[in-house]
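For reference, the structure discussed in these notes is given below.
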Amino acid sequence: MAERLETRERDGHAGADVEVGSDATDRLVWRSRALEELVRIGITLTSENDLSVLLGRALEEARRFTRAEAGTLFLRDGDRLRFAVVQNDLLARRLGEREVERQFQAEPLECDAPALAAYVARTGRIVNVPDAYRIPAGRPYTFCSDWDARNAYRTRSVLAAPLRESAGTIVGVLQLINARDERGEIVPFDQDLEPLVLALATQAAVAIRNTHLAKASFKDALTGSYSRRYFTLRLEEEVKRYDRFGHPLSLVLVDIDHFKQLSDAHGQTAGDETLAEIARLLQQHSRSFTVVARLGGDQFAALLVNTPKAGAVAYAERIRRLLEEHAFTHGFVTASFGIACFPDDLTSSQDGASARDLMQAADAALYEAKRAGGNTVGRL
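Mapping of the sequence shown onto our numbering: residues 306 to 685, in sequence order.
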């Protein structure tokens, strides 16, 4: 772990002693126990296949390990960091978990921004700041206090670490807020914890990669989109998550207009090539968090998490125009769309609505789009 310390950025503090003895023997015992704990955490993370559960556990373990009051885990999405998990017990009691998560989700972070997490994502360096409001001038990162001001919160100590895969790719950032000592006082994060937090973050990155590999087994062989089986599982999971947090959930069905005529005129190979090209366009023009699947034949689906109905309609219209204007090899292609959303079109599974009901509602909207002549977006 010694070489990891070279990537450390500090703002000149000695660090607080968090469960670390004053003499060398106590320190060695503590480190041995910490390493044993890391092994246990690693086994726990790598045995979890649900990405959202995995991320939540990783943040929980990191907070417990460092006695952090709060924490956020971001995943990298191209040139942005997007919120994945936030845990802040103090604000959750005051504002509610849904409101805390809503505020974070509304603010994706550009990786070229001067913010702490963005700096870590760019450089792969761990950053340990004793007081976010007293970062020395000349540092290549800053602290934005807007979020604190809006919520009457005070961020002081910050420890941010990269989620780095074994190949060196940074897939996200783990950011811990306000370490507390045994008396409950906010203190700087202990520098001795830095290599251990880095190790935990690396384990989380490996676990994330493993879940992505597991998802690959759920891919449609022809198009590379997710299969119907995987889509059904994710839809059920997201409906349960909607019940818990209340974030909007939208389903968009996509059905290719007159696809049989195209296949009959140009042959099955041409039909397969067209489906593969449609899938490529859908994936390329959807957010990385959008689940795009081929349900079978010439029908696709997109699951838009944390997206209200207006956003789903805008997405469907954008994809509709994209397909209409794209120069397909085997001729002109359009599609019809059907949209259904929680909570705009249905309430919740607690009130009797389910993933199956959401699918049926979207199918009904798709039927109306087809009946209108195709190349349009149907909605309830």
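Where is the CB? At the ideal position from N, CA and C, for every residue including glycine.
Problem set entry | Reduced DSSP secondary structure (H/G/I, E/B, other) of Asp382 | In the structure shown, Asp382 adopts extended strand secondary structure according to DSSP, grouped into three states.
Exercise. Where does Ser530 land, buried or exposed, given buried means 16+ other C-beta within 10 angstroms?
Worked result: Ser530 comes out buried.
Exercise. What does Arg546 pair with, by DSSP beta-bridge criteria?
Worked result: Under DSSP, Arg546 forms no beta bridge with any residue.
Exercise. Ordered along the chain, which non-local residues of its own chain (more than five positions away) have a Cβ less than 8 Å from that of Leu586?
Worked result: Result list for Leu586: Ile624, Leu627, Leu628, His631, in chain order.
For this session: Excluding the 5 residues preceding and the 5 following Leu395 in the sequence, name in chain order all residues of the same chain whose CB lies nearer than 8 Å to its CB.
Result: A distance below 8 Å between beta-carbons, with the five flanking residues on each side excluded, links Leu395 to the following residues of its chain, in chain order: Glu374, Ala375, Tyr458.
Exercise. Helix or strand or just coil, what does DSSP make of Glu673?
Worked result: Three-state DSSP puts Glu673 in a helix.
For this session: Please name the residue, chosen from Gln566, Lys614, Phe594, that lies closest to Thr639 on a Cα-to-Cα basis.
Result: With distances taken between Cα atoms, Thr639 lies closest to Gln566.
Exercise. With a cut-off of 8 Å, do at least 3 Cβ pairs link the stretch 507 to 517 to the stretch 575 to 589?
Worked result: The stretch 507 to 517 is not in contact with the stretch 575 to 589.
Exercise. For Arg683 versus Ala666, is the C-beta spacing smaller than 8 Å?
Worked result: Reading the sequence as shown, one finds Gly at residue 683 and not Arg. A distance of 8 Å or more separates the beta carbons of Gly683 and Ala666.
For this session: Have a look at Ile644, Arg599, Val559 and flag the residue whose alpha-carbon is nearest the alpha-carbon of Pro613.
Result: For the residues Ile644, Arg599, Val559, the minimum Cα distance to Pro613 belongs to Ile644.
Exercise. Taking the alpha-carbon positions, what's the Ala504 to Cys449 distance?
Worked result: When rounded, the distance between both Cα atoms is 27 Å.
Exercise. Ordered along the chain, which non-local residues of its own chain (more than five positions away) have a Cβ less than 6 Å from that of Val502?
Worked result: Contacts found: Ala466.
Exercise. Hey, how far is the Cα of Pro493 from the Cα of Ala437?
Worked result: Each residue's Cα considered, the two are about 10 Å apart.
Exercise. If you compare alpha carbons, which of Ala389, Arg549, Ala454 is closest to Thr362?
Worked result: Note that residue 362 corresponds to Arg in the displayed sequence, not to Thr. It is Ala389 whose Cα lies nearest to the Cα of Arg362.
Exercise. Just the Cα atoms here: how many angstroms apart are Val432 and Pro441?
Worked result: Straight-line Cα distance between these residues: approximately 13 Å.
Problem set entry | Cβ pair Leu540, Leu608 closer than 8 Å | For Leu540 and Leu608, yes; Cβs fall inside 8 Å.
Problem set entry | Strand pairing of Asp560, partner residues [DSSP] | Its beta-bridge partners are Gln604, Ser641.
Exercise. With distances taken from CA atoms, which of Asn393, Arg399, Leu468 is nearest Phe379?
Worked result: With distances taken between Cα atoms, Phe379 lies closest to Leu468.
Exercise. So what does DSSP say about Asn456, is it helix, strand or coil?
Worked result: Correct three-state label for Asn456: helix.
Exercise. Skipping 5 residues on each side, what residues in its chain have a beta carbon closer than 7 Å to that of Pro445?
Worked result: Same-chain partners within the cutoff: Tyr424.
For this session: Determine, using beta carbons only, whether Asp453 and Cys416 come nearer to each other than 8 Å.
Result: No. Outside cutoff.
Problem set entry | CB contact flag (Arg387, Ala484, <8 Å) | Not a contact, by the Cβ cut-off of 8 Å.
Problem set entry | Spatial neighbours of Asp382 in its chain, beta-carbon cut-off 6 Å, leaving aside the 5 residues before and after | Around Asp382: Ser593.
Exercise. Considering only residues of the same chain and omitting the five flanking positions on each side of Asp603, which have a CB-CB separation below 6 Å?
Worked result: Excluding residues up to 5 positions away in sequence, Ile561, Phe564 lie with their Cβ nearer than 6 Å to the Cβ of Asp603 in the same chain.
Problem set entry | Rounded C-alpha distance that separates Val476 from Asn680 | If I take the Cα positions, the gap works out to 38 Å.
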